[in-house]
Ligand SMILES: Cc1ncc(COP(=O)(O)O)c(C=O)c1O
Ligand SMILES: Cc1ncc(COP(=O)(O)O)c(C=O)c1O
């Protein structure tokens with residue numbers, strides 16, 4: 001028994017280690033950015049007046065306005081006295097009333113049921129079914145948590161532990177480039193990251209031959225049990241077509257891999273010919289044997305989309321065809337961690353105002369504004385979805401040499417120069433892994449700085 | 001490595017098991033209560049018109065009003081447009097502005113730093129030092145989380161794992177009666193519960209001789225490493241004196257036990273001669289060798305006190321003299337789980353309005369009203385703090401016999417009868433453990449039903 005506990009401890013030691021080393025390259029940049037901020041506040045003259053940080057998928061920190069409807073409903077729930085004035089639109093007041101009615105004593109201050117407020121989870125599952133054109137969604141398969149990253153960590157943890165009989169350690173296939181936190185949580189669980197490269201030449205497409213190659217490469221080293229996909233992508237903003245998803249599902253089925261579909265950017269699709277189709281929907285369309293055997297976990301979050309409420313800490317995972325053991329464990333992992341307001345936010349995200357509602361016109365306008373982007377001919381693959389661009393930068397050999405001398409990766413060197421000269425903080429591609437010899441930068445496109453950021 | 005993961009899994013299996021069996025006695029009552037509610041809504045005639053649930057420490061679910069100051073500040077943070085009107089008091093607007101200033105982009109929608117917003121943790125630590133009359137509090141020892149129960153589980157988990165070399169399994173001393181969730185989390189970690197009985201005859205006092213007896217009783221069975229105390233108590237509403245705390249600290253020092261001090265009811269003290277003194281303060285007053293060796297973890301939460309914001313999910317633990325390994329691990333356990341609003345609520349709890357502030361008069365009035373209680377001569381030990389009474393019920397042998405026939409504990413039987421006859425739902429003492437042959441009930445005193453509840 002104590003050994004069990006020791007083990008938990010060692011897992012956390014690993015997390016500790018990984019969190020600390022996670023962003024060494026970025027850390028140097030962030031340190032310098034802090035210094036620059038200080039210098040600016042002390043009146044040091046620079047070619048810019050303020051520092052602009054476009055590294056993170058954190059729209060509000062970049063000054064993107066939160067959705068009025070969302071904030072009004074939450075404020076009314078926090079302070080119901082607001083509802084007595086008619087300043088708030090009728091649908092806001094009605095929604096707040098409905099949500100509060102699901103809390104004991106009508107207050108967000110009461111403990112919610114350990115697994116979440118049942119009526120909210122039911123509505124979430126109805127909304128998932130609507131998104132997927134009627135493919136049913138069982139509320140018992142929907143698990144809320146303080147963020148999708150937490151759901152992903154917990155799901156991977158349980159999958160890893162079910163693999164304990166295997167002679168090799170668990171492997172999980174991960175795209176390159178990939179959202180950093182995912183890599184750190186997976187490695188921290190002791191699982192091996194099996195990288196597959198997205199094809200920059202094909203708009204960062206996910207290619208099955210590459211999955212095949214990655215799987216082969218893992219042979220003997222680890223036992224791959226799951227395939228992690230991000231659609232729409234981060235940091236590369238591609239959106240998978242239905243056909244591409246079908247291919248991935250067939251591959252997962254053939255190789256008996258659990259599909260971990262990170263679909264947190266599902267509401268951020270703006271490519272002219274792109275459309276978000278969920279893995280769940282495509283799976284259902286494919287029919288048996290796929291639809292009743294392929295194991296799928298789909299993640300979503302209030303942190304992303306045009307809602308962007310990262311600070312509320314709310315997300316969920318929907319599990320399809322998963323081992324009942326995993327489902328059972330997960331249902332007990334999240335007890336009492338997700339705040340009532342995060343649960344309300346999930347409800348608002350999944351049941352936004354509809355045409356005809358008083359809040360609809362403003363909601364729709366803000367949503368369109370947040371999703372509208374202007375990319376002035378950036379030399380980068382077209383961005384179809386997500387919140388980031390990941391353009392390639394071609395650096396002269398002298399720059400690469402100089403970077404080496406300063407003990408930096410060439411793209412970190414590029415970012416450091418950009419920071420010094422323009423006050424704009426972006427992230428180097430090496431943070432997300434990239435093909436050897438290629439260099440990239442990543443930044444959030446929800447800003448007005450694209451002309452500065454064009455690699456020059 | 002896979003074995004490590006397996007182990008995490010088995011821990012969760014245990015949690016699963018314990019959560020499911022946790023409240024068998026209470027479950028029967030809750031089921032019947034749901035039926036009664038249904039019957040009432042269908043028009044079935046009963047001697048009461050509605051069901052009243054006074055089981056839980058959830059003031060808002062009992063209709064206790066939230067603190068206006070707290071809700072106004074949070075609403076203003078959620079929807080800053082509210083600040084442009086002068087309807088909100090100046091100190092509310094100022095506080096909201098200060099809090100939002102600590103968020104990237106001035107929005108609660110941004111990711112907070114993984115370990116929490118540094119300025120808030122600094123202010124929390126200053127407030128702890130103030131509470132303790134100047135005993136310093138290092139912000140690096142204060143760890144926020146989604147609730148104190150989470151902090152307690154995580155701390156116990158780490159302590160348990162540090163005991164891995166010992167030949168016997170870890171034991172933790174736990175008061176009887178005790179808050180249920182604590183027992184389930186400790187047992188779920190694979191640690192043994194070593195019960196010590198609070199002395200009902202002495203106002204549910206904690207007696208060192210009893211700690212001694214409990215420790216002796218554990219010999220050979222497990223290796224006790226920690227002592228859990230709840231002060232002020234739950235379900236028994238006693239408040240420890242400084243002298244009693246000194247004795248406990250001396251005992252912990254002598255036996256090398258880590259002190260786990262659950263102080264979530266620190267703001268709920270209303271006995272005429274009672275005063276809350278923190279373990280941390282007494283420890284500091286005692287000086288070396290105690291003050292620099294006794295390991296102490298103190299828990300607090302926005303769920304309790306007169307704030308009662310259980311749904312926000314915010315709490316913290318302060319660690320004193322703890323093994324640096326434990327401190328290190330804990331600092332990485334909570335990453336990204338505590339919402340920004342829960343962090344704001346911690347700030348508001350620990351820095352309430354002060355005399356002279358516009359919000360002070362109302363704040364003070366509501367606080368007094370929440371803490372004012374009327375106990376009409378209940379045949380129970382005087383209640384000095386906490387939110388509950390735990391009166392003893394003397395049941396006639398026929399009732400005990402009848403209970404046996406129906407397969408219930410005698411106090412569950414009592415509660416079931418009370419529910420049928422009055423529509424009032426309370427919890428049987430067997431849920432909290434009690435001395436054999438004694439029976440108790442527990443209910444929240446923040447309600448107006450004490451006359452019904454008087455055991456008859
Ligand atoms: C692909 C992806 N998944 C998950 C997350 C984390 O989301 P959450 O805030 O729900 O934990 C992010 C955040 O940037 C992300 O980019
Ligand atoms: C003694 C005690 N500690 C802790 C808690 C749990 O508090 P939290 O909501 O912070 O997890 C409770 C809740 O009833 C309690 O009574």
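Residue numbers (UniProt numbering), protein chains in the order written: chain B, 1 to 456; chain P, 1 to 456. From the three backbone atoms N, C-alpha and C, an ideal C-beta is built for every residue, glycine too.
Practice problem: Would you identify the three-state DSSP class for residue 438/B, choosing helix, strand or coil? | Solution: As a working note, residue 438/B is residue 438 in the first chain. If DSSP states are grouped into helix, strand and coil, residue 438/B belongs with coil.
Exercise. Please report the Cβ distance between residue 281/B and residue 133/B, rounded to the nearest whole angstrom; I am assuming they are in contact, meaning their Cβ atoms lie under 8 Å.
Key: Within the first chain, numbered from 1, the residue matching residue 281/B stands at position 281. Within the first chain, numbered from 1, the residue matching residue 133/B stands at position 133. 7 Å between Cβ atoms; contact.
Quiz item: Counting pairs of Cβ atoms below 8 Å between the region 228-241 of chain B and the region 173-188 of chain B, do you hit three or more?
Solution: Below 8 Å, enough C-beta pairs join the region 228-241 of chain B and the region 173-188 of chain B to call them touching: three or more.
Self-check item: residue 240/B beta carbon near ligand 1 (any heavy atom closer than 7 Å)
Solution: Sequence index remark: in the first chain, residue 240/B carries index 240 (1-based). Not one heavy atom of ligand 1 lies closer than 7 Å to the C-beta of residue 240/B.
Exercise. Please list, in chain order, all residues of the same chain as residue 92/B whose beta carbon is under 7 Å from its beta carbon, the five residues on each side excluded.
Key: Start at 1 with the first residue of the first chain, and residue 92/B comes out as number 92. Result list for residue 92/B: 69, 72, 73, 76 and 359, in chain order.
Self-check item: Opening and closing residue of the beta strand (DSSP E) in which residue 458/P lies
Solution: Shown here, chain P extends from 1 to 456; a query on residue 458/P therefore has no answer.
Quiz item: Ends of the alpha helix (DSSP H) at residue 319/B?
Solution: Taking the first chain and counting its residues from 1, one reaches residue 319/B at position 319. Boundaries around residue 319/B are those of the beta strand (DSSP E), 315-320, since no alpha helix (DSSP H) includes it.
Exercise. Pull up the distance between the alpha-carbon of residue 357/P and that of residue 267/P, whole angstroms please.
Key: Along the second chain, one-based indexing puts residue 357/P at 357. Along the second chain, one-based indexing puts residue 267/P at 267. The alpha-carbon atoms of residue 357/P and residue 267/P are separated by roughly 20 Å.
Quiz item: Using the C-alpha atoms, what's the distance from residue 193/B back to residue 438/B?
Solution: As a working note, residue 438/B is residue 438 in the first chain. As a working note, residue 193/B is residue 193 in the first chain. When the Cα atoms are used, residue 438/B and residue 193/B turn out to be separated by approximately 20 Å.
Quiz item: Do the region 305-318 of chain P and the region 102-113 of chain B touch if we need at least three Cβ pairs shorter than 8 Å?
Solution: By the Cβ rule, the region 305-318 of chain P counts as touching the region 102-113 of chain B, because three or more pairs are nearer than 8 Å.
Quiz item: Which whole-angstrom value describes the C-beta separation of residue 150/P and residue 337/B, a residue pair presumed to lie in contact below a C-beta threshold of 8 Å?
Solution: Numbered from its first residue, the second chain carries residue 150/P at position 150. Numbered from its first residue, the first chain carries residue 337/B at position 337. At roughly 7 Å, the Cβ-Cβ gap stays under 8 Å, so residue 150/P and residue 337/B are in contact.
Quiz prompt | Near-chain B residues of the region 170-182 of chain P - C-beta to any C-beta below 8 Å | solution = Contact residues of the region 170-182 of chain P toward chain B are 170 (C-beta to C-beta distance below 8 Å).
Quiz item: Quick one, which of 182/P, 162/P, 249/P and 252/P has its alpha-carbon nearest residue 264/P's?
Solution: Your numbering for residue 264/P matches position 264 in the second chain. Checking every option, the nearest Cα to that of residue 264/P belongs to 182/P.
Quiz prompt | First through last residue of the alpha helix (DSSP H) which encompasses residue 236/B | solution = Along the first chain, read from residue 1 onward, the residue named residue 236/B stands at position 236. Annotation: residue 236/B is outside any alpha helix (DSSP H) and is labelled neither H nor E by DSSP.
Quiz prompt | Beta carbon proximity, residue 213/P to chain B, threshold 8 Å | solution = Within the second chain, residue 213/P is the residue found at index 213, counting from 1. Closer than 8 Å: no.
Quiz item: Tell me which same chain residues have a C-beta within less than 6 Å of the C-beta of residue 327/P, skipping the five on either side of it?
Solution: By 1-based counting over the second chain, the position of residue 327/P is 327. Within the same chain, residue 327/P has close Cβ partners 319.
Quiz item: Starting from residue 101/P and walking both ways along the alpha helix (DSSP H), at which residues does that stretch end?
Solution: If you number the second chain from 1, residue 101/P lands on position 101. Element bounds for residue 101/P: 90-101.
Practice problem: Answer yes or no: do residue 397/P and residue 403/P have a C-beta to C-beta separation smaller than 8 Å? | Solution: Taking the first residue of the second chain as position 1, residue 397/P is located at position 397. Taking the first residue of the second chain as position 1, residue 403/P is located at position 403. Contact: no.
Quiz prompt | Closest by C-alpha distance to residue 401/B, when choosing among 122/B, 299/B and 414/B | solution = Against the first chain, residue 401/B aligns to sequence position 401. Closest in C-alpha terms to residue 401/B, from the list 122/B, 299/B and 414/B, comes 414/B.
Quiz item: How would you call residue 80/P, buried or exposed, if buried means at least 16 neighbouring beta carbons within 10 angstroms?
Solution: Here the question's residue 80/P lines up with position 80 in the second chain. Buried, because 16 or more other Cβ atoms sit within 10 Å of the Cβ of residue 80/P.
Quiz item: Does DSSP classify residue 202/P as helix, strand or coil?
Solution: One-based indexing of the second chain puts residue 202/P at position 202. DSSP, reduced to helix, strand and coil, places residue 202/P within a helical segment of the structure shown.
Practice problem: Check whether the Cβ atoms of residue 116/P and residue 160/P sit closer than 8 Å, and answer yes or no. | Solution: Here residue 116/P corresponds to residue number 116 of the second chain, with the count starting at 1. Here residue 160/P corresponds to residue number 160 of the second chain, with the count starting at 1. Taking a C-beta distance under 8 Å as the contact criterion, residue 116/P and residue 160/P do not qualify as a contact pair.
Quiz item: Which chain B residues are close to residue 82/P, counting only those with a beta carbon under 7 Å from its beta carbon?
Solution: Translated into positions along the second chain, residue 82/P becomes position 82. The contacting residues are 75.
Exercise. Run down chain B in chain order and give the residues with a C-beta less than 9 Å from the C-beta of residue 146/P.
Key: Here residue 146/P corresponds to residue number 146 of the second chain, with the count starting at 1. Ordered by position in chain B, the residues that pass the 9 Å Cβ test against residue 146/P are 146, 313, 336, 337, 338 and 339.
Quiz item: With 8 Å set as the bound, which would you pick, yes or no: does the beta-carbon of residue 431/P sit closer than that to a beta-carbon of chain B?
Solution: Taking the first residue of the second chain as 1, we reach residue 431/P at position 431. It does not: the Cβ of residue 431/P has no partner Cβ on chain B nearer than 8 Å.
Practice problem: Would you be able to state if there are at least three C-beta pairs under 8 Å between the region 139-153 of chain P and the region 340-351 of chain B? | Solution: Counting Cβ pairs under 8 Å, fewer than three are found: no touch.
Practice problem: Identify every residue that forms a DSSP beta bridge with residue 197/B. | Solution: For the purposes of this step, residue 197/B is identified with residue 197 of the first chain, where counting begins at 1. Residue 197/B pairs with 176/B.
Quiz item: Residues in its own chain within less than 6 Å of residue 377/B by CB, not counting five upstream and five downstream?
Solution: By 1-based counting over the first chain, the position of residue 377/B is 377. Low confidence applies here, because residue 377/B scores a pLDDT of 27, under 50, leaving its location unreliable and the question unanswered by this model.
Quiz item: Can you give the Cα-Cα distance for residue 395/P and residue 128/P, rounded to whole angstroms?
Solution: One-based indexing of the second chain puts residue 395/P at position 395. One-based indexing of the second chain puts residue 128/P at position 128. If I take the Cα positions, the gap works out to 45 Å.
Quiz item: Closest to residue 46/B by CA distance: which of 36/B, 53/B and 277/B is it?
Solution: Against the first chain, residue 46/B aligns to sequence position 46. Across the set 36/B, 53/B and 277/B, the C-alpha of 36/B shows the shortest separation from the C-alpha of residue 46/B.
Practice problem: Answer with buried or exposed for residue 219/B, where buried requires no fewer than 16 other C-beta atoms within 10 angstroms of its C-beta. | Solution: Taking the first residue of the first chain as position 1, residue 219/B is located at position 219. So residue 219/B ends up on the exposed side.
Quiz item: Considering only residues of the same chain and omitting the five flanking positions on each side of residue 22/P, which have a CB-CB separation below 7 Å?
Solution: Here residue 22/P corresponds to residue number 22 of the second chain, with the count starting at 1. Because residue 22/P sits at a pLDDT of 39, beneath the cut-off of 50, its placement in the model cannot be relied upon, and the following sentence gives the value as read from the coordinates. The residues are 180 and 184.
Self-check item: Own chain, CB closer than 6 Å to residue 367/B, minus 5 neighbours either side, in chain order
Solution: Residue mapping note: residue 367/B aligns to position 367 of the first chain, counting from 1. Around residue 367/B: 306.
Practice problem: Alpha carbon to alpha carbon, how far is residue 119/P from residue 51/B? Give it in angstroms, no decimals. | Solution: Here residue 51/B corresponds to residue number 51 of the first chain, with the count starting at 1. Here residue 119/P corresponds to residue number 119 of the second chain, with the count starting at 1. Distance between the alpha carbons of residue 51/B and residue 119/P is about 21 Å.
Quiz item: CB of residue 310/B to nearest heavy atom of ligand 1: below 7 Å?
Solution: Within the first chain, numbered from 1, the residue matching residue 310/B stands at position 310. True, at least one ligand heavy atom lies under 7 Å from that Cβ.
Quiz item: How about the region 281-293 of chain P and the region 87-102 of chain P: do they share at least three Cβ pairs that are nearer than 8 Å?
Solution: Note that the region 281-293 of chain P does not touch the region 87-102 of chain P; fewer than 3 beta-carbon pairs, one per stretch, sit closer than 8 Å.
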